[in-house]
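Here my numbering runs 16 ahead of the position in the sequence shown, where the first position is 1.
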Amino acid sequence: MRRAVQFLTAAAAVVVVTGCSGSSSQSDSSTPATPRSTAPAPDLTTTPATYPVGLADVAGKPWVVETGSGKVGPLDDLKHAVSVGATPLRATYDRHLLWVSVFGAGQVVAVDPTTGKVVVRSKIGGEPEGIVSAFGHVWVVQQKARRLAELDNKGKIIRVVATGEEPRQVAASRTALYVSDFGAGDIYRVDPKTAKVTSHRHVCDGAQGMAATKYSLWATCTSSDRVVAVNPTTLHRQTSFHVAGEPDAIHTAGGTVYVALTNGPALVQLPASGDPVPTLVALQLGDDLPLGDRANVDLLLIGKRFWVSSPNGGDVIAGSLG
17 MRRAVQFLTA AAAVVVVTGC SGSSSQSDSS TPATPRSTAP APDLTTTPAT YPVGLADVAG
77 KPWVVETGSG KVGPLDDLKH AVSVGATPLR ATYDRHLLWV SVFGAGQVVA VDPTTGKVVV
137 RSKIGGEPEG IVSAFGHVWV VQQKARRLAE LDNKGKIIRV VATGEEPRQV AASRTALYVS
197 DFGAGDIYRV DPKTAKVTSH RHVCDGAQGM AATKYSLWAT CTSSDRVVAV NPTTLHRQTS
257 FHVAGEPDAI HTAGGTVYVA LTNGPALVQL PASGDPVPTL VALQLGDDLP LGDRANVDLL
317 LIGKRFWVSS PNGGDVIAGS LG
């Protein structure tokens, strides 16, 4: 299937971006962004999936978590998707196994992508959601238990870290882990060596997706329509953009910040430099209403391609990066 792409201008956009900069200010004052009027439209394709949410790079191939069917599988061969349990949400690949957070079943499941077999099923409870493979182990957010858990290669909990009111996602840099607390709007920085919180700060309402660069930690603020960059050590704010449309998943690549919005969904590009008046590129990928915290979209980048999951649309949308 193929769908038309629309580049948005400031006048016609569902996506509105404004920005402000500052080293530690929490002010939300903003200035208008500059729309990008010309850009090559990527060739978009869609792949049907049953209420897809999480996406993962498995040895250079996109895999999708089908929350609606309780399965996970390669996007190009979902007929052979693997059953993992009720309400799986996110996945991470450790170069050997694909680890899946199975929210409804309270489990973390590891799938061998070469055989399509479940090789680990760990009943950790606590509503597992965000998950990342980093520093030699798998780290998973237990939303109901309000903590980050470190798992060994058998899925056994080794250490836990308390992370606020309603933790959602976890991201890793080269030196630290970060947990977003959606309920309180906070971010926690965790030292993986000690499993201790080294800094904790309120950054915005509805803190959710995160992506680390050398000099910044970028975060989406879904319920307040903001994208912020904070210092990766102190978590003091560096810059902030107003991005209407429920910014959710976020990645950085090649000096650009890519943000997936639930409204549409849509894909927005911002400069990783934190330019206070950015040149905006926005792609409208669909026409679905915002998810309103009933689900999430995810974003995957592999090489010069992107994939965005659309739960309400029932598909995964792919295209070329501009």
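Ideal Cβ positions, reconstructed from N, Cα and C, are used throughout, including at glycine.
Quick caveat: nothing in here was measured; it's all calculated off a predicted structure.
- GLY199 is the residue among SER99, LEU315, PHE151 and GLY199 whose C-alpha sits nearest the C-alpha of HIS218.
- Per DSSP, GLU145 has no beta bridge partner at all.
- Within the model, the alpha-carbon separation for PRO327 versus LYS87 is close to 14 Å.
- Distance between ALA334 and SER117, taken at the CA atoms: about 23 Å.
- Taking C-beta atoms under 8 Å as the contact rule, VAL273 and LEU286 qualify, at a distance of about 4 Å.
- By the neighbour-count criterion, in which a residue is buried when 16 or more other Cβ atoms sit within 10 angstroms of its Cβ, GLU181 is exposed.
- DSSP places SER239 within a helical segment (H, G or I) once states are collapsed to three.
- A Cβ-Cβ contact shorter than 8 Å links SER189 with PRO248.
- Sequence-distant Cβ neighbours of PRO64 in its own chain, meaning closer than 7 Å and more than five residues away, are GLY330 and ASP331.
- LEU91 carries a helical assignment under DSSP once its states are collapsed to helix, strand and coil.
- Within a 10 Å sphere around the beta-carbon of ARG310 sit fewer than 16 other beta-carbons, which makes this residue exposed.
- The alpha carbon of LEU94 has as its nearest neighbour, out of GLU143, GLU82 and PRO208, the alpha carbon of GLU82.
- Here the segment 221–232 lies against the segment 265–272, with 3 or more beta-carbon pairs under 8 Å apart.
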